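Terminal number for the sequence shown in numbering that gives the first Met the number 0: 326, no gaps in between.
Every residue gets a Cβ at the ideal spot worked out from N, C-alpha and C, and that includes glycine.
Bear in mind that the values here come from a model prediction, so they are computed numbers and not experimental data.
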Amino acid sequence: MRAAFYDRLGSASDVLTVGEQPTPEPGPGEVRVRLATSGVNPSDWKARARGRGGVIPFPLIIPQSDGAGTIDAVGDGVDGGRVGRDVWLMNGQWQRPFGTAAEYICMPAKYVIDLPAGADKAEAACFGIPFLTAHRAVMFDGDVAGQTILVQGGAGAVGDHAVQVAKANGARVIATISSDEKADFARQAGADEVVNYRSEDVAARILEMTDGKGVDRIVELNLSANAPGYGQILAPRGTVIIYGTVDAMASVPAQDFIVKGASLKWFIVYSITDAERDEGVAALNKMLADGALKTTIAARFPLTDIVAAHEMVEAAKHIGNVVLDIG
């Protein structure tokens, strides 16, 4: 099969190669998917450039965790009736060497989900990390109706979906953005208010928008950068739901958290429970059926241009999701 792969860490142009790799066969409990699309997420370029602690975890890696395609074979213990179904999948390259930047992938059947009606395979390549992360971050503590939620990076792939999930569940949404173009994008997704963190005093603007109360929940993509401001902008008993950080260490205003009874909570989408995944899938299907979800594709590249796709995601100047067309 054709695949993109690397056998050492480094820049996309230095280490990514497209060539032939053995076509996998499904083992017990697995399905094989002939991939049509593969989503490119920030975690993919970070894994390629940095590995885990600067070490490549496998001798050869086919990158990327999200994708969509059609089941063409199943292993022992899997219903043969799934063959021929269009699907999307998650966790392709999580703690495994071979991800979705290839013509085929074999995966545990529970991570391969029937494609919802009306969804195309480019959009579906963005359901894993972008949507499920967004859903879990917004709904981590349950009902958000009537709450004010701050979505950090509201024009990003996860942030955009988080804005939509929060609005669909009755929250008021404030989004941080970095440009007028991204402000318009976040508003179109449903943000009630936006704050430009490059040109505005974020804390002052949020307190103004909330009559001094602060926000009930923060959906956080970069703890290390944003934690120092939490003490000012969190409402009493507020919660920060964290799914990412740039630096491994972060400084948190602990005294403010104690006084306000506020809390920090964390997760990584690859390790959500089966029940949490099922909840996210059900929410995805409902939002699609209700016409309440729009997945924006910033760019599509052929598999042979994976270097350009990785470089685009790493530069982080685009709006929306980046997708590889596999076949």
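P301 counts as exposed, since fewer than 16 other beta carbons sit within 10 angstroms of its beta carbon. Scanning its chain for C-beta atoms nearer than 7 Å, with the 5 sequence neighbours on each side dropped, one finds around K181 the residues A154 and I318, in chain order. Beta-bridge analysis with DSSP links V30 to V73 and M106. Rounded to whole angstroms, the separation of the alpha carbons of C125 and V157 is 9 Å. Contact between G326 and E102 holds: their C-beta atoms lie close to 6 Å from each other, under 8 Å. With a minimum length of 4 residues, the unbroken runs of alpha helix (DSSP H) contained wholly in the stretch 107 to 132 fall at 120 to 123. Counting the other CB atoms within 10 Å of its CB gives F130 a total of 16 or more, which places it among the buried residues.
Note on geometry: alpha-carbon atoms of R31 and P62 lie some 17 Å from one another.
Taking a cut-off of 8 Å on C-beta distances, the stretch 246 to 265 does not touch the stretch 105 to 122, as fewer than three cross pairs fall below it. For N320, the enclosing beta strand (DSSP E) covers residues N320 to D324. Just so you know, the alpha carbons of L34 and R49 end up roughly 26 Å apart.
With a beta-carbon spacing of about 5 Å, R171 and D191 fall inside the 8 Å limit used to define contacts. DSSP places L15 in the coil class of the three-state scheme, outside both helix and strand.
Going by C-alpha positions, A261 is about 28 Å away from R186.
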